[in-house]
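Chains as they are written, first to last, in the working numbering: chain P, 2 to 541; chain F, 875 to 970.
All residues carry an ideal CB built from backbone N, CA and C; glycine is no exception.
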């Protein structure tokens, strides 16, 4: 049990006042329009959405699964967290394309990219999926807070889940995305400072970096310091094929949209940036800080491993980073540490509540139920939907309980496997249509549960390694959406030409480009080459 | 003509060119090298410092290559943005 001194209480109370104050201060901006409530008016400089990205992706569950992987696998466990690497390519490809589309949400993009009934069904599907997913993620992050408070103060799990998410909901309702991003900036700074402080303290407690290295070697665990330590091509607990999968999948996914759960959070920040360049920078730099944070956390986790080496149960060692903070930091700093945990928690919850509310309001209510809704009404519905997503998160949070990491691997990798390639195809291939895309989403939902849970449970197929499940799911779902794509008509050429001229997607868009050139919407390659040659001549 | 183009017209910048592909290749490398390099460097391992330095150099080259092109794309697109936003609202408020 953790006991607070007066200074500890000071940190926590000050922090909560600061958070709720953000809602009050930005209340007037948030209520101006739907664009303000959900996208902060589309005018933010890159460093605000970048910090917001970092803050959102540092949730209460994040140090848990990161600790879990590094405690069990050493520095090579960091590869699991490299799923954030999709932003490396996305920043220069799909971010640019999506920002130019100006679609408020990924669901809205469907009605720009595709045409006809298929596009509307796809928009509705994606919006509904995103609302449910926001509830799930907020529940997942919320119950992680329940676990932390249970460990630190002995509270029942649901207290930590309900109290802090509800407090956060207050400023999201008041100020919408304005409140979220501005709070994220100071939350991001707070949590980064705390990550550094905890790592320094942990390293000192373990005798310093060199002492940690020596002790690991003495324990016969020197391999934990090598992130490239593989156990064979396909054998062992960390084979080369798993490593290559973890590198290839996120990075190549950057060519597409929605290739990862985080894409939906990023999409909102991409559209909140003031221009294309700021959108790209916000994605690249925000993710770099996430990755740097992981490197800083790693030393704290391995220091904890040296100090407490024999934990066997994942539910024990997943709390490594939190235990370092609560057990090693001096009195007075523990309160600051807990304030940082609150920051970590509510920055993510705030973003997810606003995101889920945006899909429910913009894509379901505004597009399908009341297309002529006034801005005032849209903001009001946005606020109501924020509360609905919060209530849904309580349901999912209590369902997940203490199995945070077990759910994570399934949710992060396997539930997105079947749609991974279609998410890329929608950007790079003109012929991929709404029916192919919709069939991939529906098929993936069924096939992933079958392959991962149901068929192994009945002994129909063996328990396969995660990376084999991943590629198997890609293959099985492709057997459905590729025939569907070719058996249905291409999207309307007018729509394709319009989206091509506006967003200029990368990849296989030959027929659409030629049509756009024929209509005089873009210059031909020959004209561009001629112009470049003339300029070169002039320079000479 | 220099291998890396530093001056762009709006129309040229709209095309996908080798400068984009250089950024596409260097960006993942810099992420991997900085992440793994920093983690190892914090344990004072020499390989960590080498990887970290490489990651930073790759990132610097990437921005040097892509930045002029992004500047032009951004400023050109901002001029058209208002028209596109109006069209988007029409799709959103589809009811007659």
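Of the residues P:247, P:124, P:457 and P:26, the one placed nearest residue 177 of chain P, counting alpha carbons only: The residue given as residue 177 of chain P occupies position 176 in the first chain. For the residues P:247, P:124, P:457 and P:26, the minimum Cα distance to residue 177 of chain P belongs to P:26.
How about residue 149 of chain P and residue 342 of chain P: do their beta carbons lie closer than 8 Å? Here residue 149 of chain P refers to the residue found at position 148 when the first chain is read from its first residue. Here residue 342 of chain P refers to the residue found at position 341 when the first chain is read from its first residue. Against a cut-off of 8 Å, the Cβ pair of residue 342 of chain P and residue 149 of chain P comes out as a contact.
In whole angstroms, what separates the C-alpha of residue 352 of chain P from that of residue 57 of chain P? Within the first chain, the letter at position 351 stands for residue 352 of chain P. Within the first chain, the letter at position 56 stands for residue 57 of chain P. Cα-Cα distance, rounded: 6 Å.
Helix, strand or coil: how does DSSP classify residue 510 of chain P here? Residue mapping note: residue 510 of chain P aligns to position 509 of the first chain, counting from 1. Of the three classes helix, strand and coil, the one that applies to residue 510 of chain P here is coil, per DSSP.
Starting from residue 93 of chain P, find everything on chain F with Cβ-Cβ shorter than 9 Å and list it in chain order. For the purposes of this step, residue 93 of chain P is taken as the residue at position 92 of the first chain. Within 9 Å Cβ-Cβ: 894, 897, 898, 901, 936, 940 and 944.
Rounded to the nearest angstrom, what separates residue 50 of chain P and residue 269 of chain P at their Cα positions? Numbered from 1 along the first chain, position 49 holds the residue referred to as residue 50 of chain P. Numbered from 1 along the first chain, position 268 holds the residue referred to as residue 269 of chain P. Cα-Cα distance, rounded: 9 Å.
Could you name each continuous alpha helix (DSSP H) segment of 4 residues or more that falls completely within the segment 273-335 of chain P, going from the start of the chain to the end? Scanning the segment 273-335 of chain P from its first residue to its last, the whole alpha helix (DSSP H) runs of 4-plus residues come out as 277-308, 315-318 and 321-329.
Just to confirm my understanding: we take residue 304 of chain P, look at its own chain, exclude 5 residues before and 5 after, and list those with CB closer than 6 Å. What are they? On the first chain, residue 304 of chain P is found 303 positions in, with the first residue counted as 1. Around residue 304 of chain P: 203, 204, 207 and 213.
In whole angstroms, give me the CA-to-CA distance for residue 523 of chain P and residue 496 of chain P. Position 522 of the first chain holds residue 523 of chain P. Position 495 of the first chain holds residue 496 of chain P. Taking the straight line from one Cα to the other gives about 15 Å.
Taking beta-carbon pairs under 8 Å, can you tell me which members of the segment 876-893 of chain F lie near chain P? Answer set for the segment 876-893 of chain F: 883, 885, 886, 888, 889 and 890.
Is it right to say residue 332 of chain P is buried, meaning 16 or more other beta carbons lie within 10 angstroms of its own, or is it exposed? Taking the first residue of the first chain as position 1, residue 332 of chain P is located at position 331. Exposed: under 16 other Cβ atoms inside 10 Å.
For residue 225 of chain P, collect the residues of the same chain with a Cβ closer than 7 Å to its Cβ; drop the 5 residues on either side in sequence, then sort them by chain order. Taking the first residue of the first chain as position 1, residue 225 of chain P is located at position 224. So the qualifying residues of the chain are 75, 76, 217 and 303.
Residues in its own chain within less than 6 Å of residue 104 of chain P by CB, not counting five upstream and five downstream? For the purposes of this step, residue 104 of chain P is identified with residue 103 of the first chain, where counting begins at 1. So the qualifying residues of the chain are 110 and 113.
Closest by CA to residue 9 of chain P, which one among P:334, P:423, P:141 and P:427? Residue mapping note: residue 9 of chain P aligns to position 8 of the first chain, counting from 1. Of P:334, P:423, P:141 and P:427, the residue nearest in Cα terms is P:334.
Residue 45 of chain P bridges to which residues according to DSSP? Here the question's residue 45 of chain P lines up with position 44 in the first chain. In the DSSP output, where bridge partners are listed per residue, residue 45 of chain P has P:274.
Any C-beta of chain F sitting closer than 8 Å to the C-beta of residue 192 of chain P? Residue numbering aside, residue 192 of chain P sits at position 191 when the first chain is read from its first letter. Not a single CB atom of chain F sits nearer than 8 Å to the CB of residue 192 of chain P.
Under 8 Å, Cβ to Cβ, is there at least one residue of chain P near residue 952 of chain F? Counting from one through the second chain, the residue named residue 952 of chain F turns up at place 78. Closer than 8 Å to some Cβ of chain P, the Cβ of residue 952 of chain F qualifies, so yes.
Using a Cβ cut-off of 9 Å, pull out every chain P residue sitting near residue 924 of chain F, in sequence order please. Along the second chain, one-based indexing puts residue 924 of chain F at 50. Here the premise fails: no neighbours, minimum Cβ distance about 13 Å.
Determine, using beta carbons only, whether residue 101 of chain P comes closer than 8 Å to chain F. By one-based count along the first chain, residue 101 of chain P stands at place 100. It does: the Cβ of residue 101 of chain P has a partner Cβ on chain F nearer than 8 Å.
Show which residues of chain F have a CB atom less than 9 Å away from the CB atom of residue 278 of chain P. Residue mapping note: residue 278 of chain P aligns to position 277 of the first chain, counting from 1. In chain order: 941, 944, 945, 947, 948 and 949.
Using 10 angstroms around the beta-carbon of residue 504 of chain P, count the other beta-carbons present and answer buried if the total reaches 16, otherwise exposed. The residue you call residue 504 of chain P lines up with position 503 of the first chain. Residue 504 of chain P comes out buried.
Buried versus exposed, by CB contacts within 10 Å (16 or more), residue 401 of chain P: Residue mapping note: residue 401 of chain P aligns to position 400 of the first chain, counting from 1. Residue 401 of chain P is buried by the Cβ-count criterion.
In this structure, what does DSSP give as the bridge partners for residue 430 of chain P? The residue labelled residue 430 of chain P in the question sits at position 429 within the first chain. Bridge partners of residue 430 of chain P: P:509.
When you compare only the Cα positions, how much space is there between residue 288 of chain P and residue 88 of chain P? Mapped onto the first chain, residue 288 of chain P falls at position 287. Mapped onto the first chain, residue 88 of chain P falls at position 87. Residue 288 of chain P and residue 88 of chain P have their C-alpha atoms spaced approximately 7 Å apart.
Residue 226 of chain P: contacting residues in chain A (beta-carbon distance under 8 Å): Absent here is chain A; the protein component of the structure consists of chains P and F.
Straight-line CA distance for residue 388 of chain P to residue 187 of chain P? Position 387 of the first chain, counting from 1, holds the residue named residue 388 of chain P. Position 186 of the first chain, counting from 1, holds the residue named residue 187 of chain P. Computed Cα separation, rounded: 24 Å.
Secondary structure, alpha helix (DSSP H): runs of 4+ residues fully inside the segment 9-82 of chain P: Taking only runs of at least 4 residues, the alpha helix (DSSP H) segments lying wholly in the segment 9-82 of chain P are 28-31, 35-40, 48-57 and 63-74.
So the candidates are P:358, P:235 and P:282; which of them puts its Cα closest to the Cα of residue 95 of chain P? Within the first chain, numbered from 1, the residue matching residue 95 of chain P stands at position 94. The option with the nearest alpha carbon to residue 95 of chain P is P:282.
Please compile the residues from chain P whose C-beta is within a distance smaller than 9 Å of the C-beta of residue 962 of chain F. Taking the second chain and counting its residues from 1, one reaches residue 962 of chain F at position 88. Those are 102, 103, 104, 105, 109 and 113, listed as they occur along chain P.
7 Å Cβ shell around residue 421 of chain P - same chain, five flanking residues per side excluded: As a position in the first chain, residue 421 of chain P is number 420, starting the count at 1. If we look at residue 421 of chain P and ignore the five residues flanking it on each side, its Cβ neighbours are 250, 254, 260 and 475.
Can you round the beta-carbon distance between residue 508 of chain P and residue 430 of chain P to whole angstroms, since I take them to be within the 8 Å contact cut? Residue numbering aside, residue 508 of chain P sits at position 507 when the first chain is read from its first letter. Residue numbering aside, residue 430 of chain P sits at position 429 when the first chain is read from its first letter. By a beta-carbon distance limit of 8 Å, residue 508 of chain P contacts residue 430 of chain P. Their separation comes to about 6 Å.
Considering only residues of the same chain and omitting the five flanking positions on each side of residue 126 of chain P, which have a CB-CB separation below 7 Å? Walking along the first chain from the start, residue 126 of chain P turns up at place 125. Hits under 7 Å: 439 and 442.
Report the option in P:392, P:52 and P:512 whose CA atom is closest to the CA atom of residue 1 of chain P. With chain P covering 2 to 541 only, the question about residue 1 of chain P has no answer from this structure.
Residues of chain F with CB under 7 Å from residue 86 of chain P, in chain order? By 1-based counting over the first chain, the position of residue 86 of chain P is 85. Using a Cβ-Cβ cut-off of 7 Å, residue 86 of chain P is close to 902 and 905 of chain F, given in chain order.
Out of P:20, P:42 and P:22, which has the shortest C-alpha to C-alpha gap to residue 30 of chain P? In the first chain, residue 30 of chain P corresponds to position 29, counting from 1. Taking only the C-alpha atoms, the option nearest residue 30 of chain P is P:42.
Got a sec, what are the start and stop residues for the alpha helix (DSSP H) residue 493 of chain P sits in? Position 492 of the first chain holds residue 493 of chain P. Run containing residue 493 of chain P: none; DSSP gives neither H nor E here.
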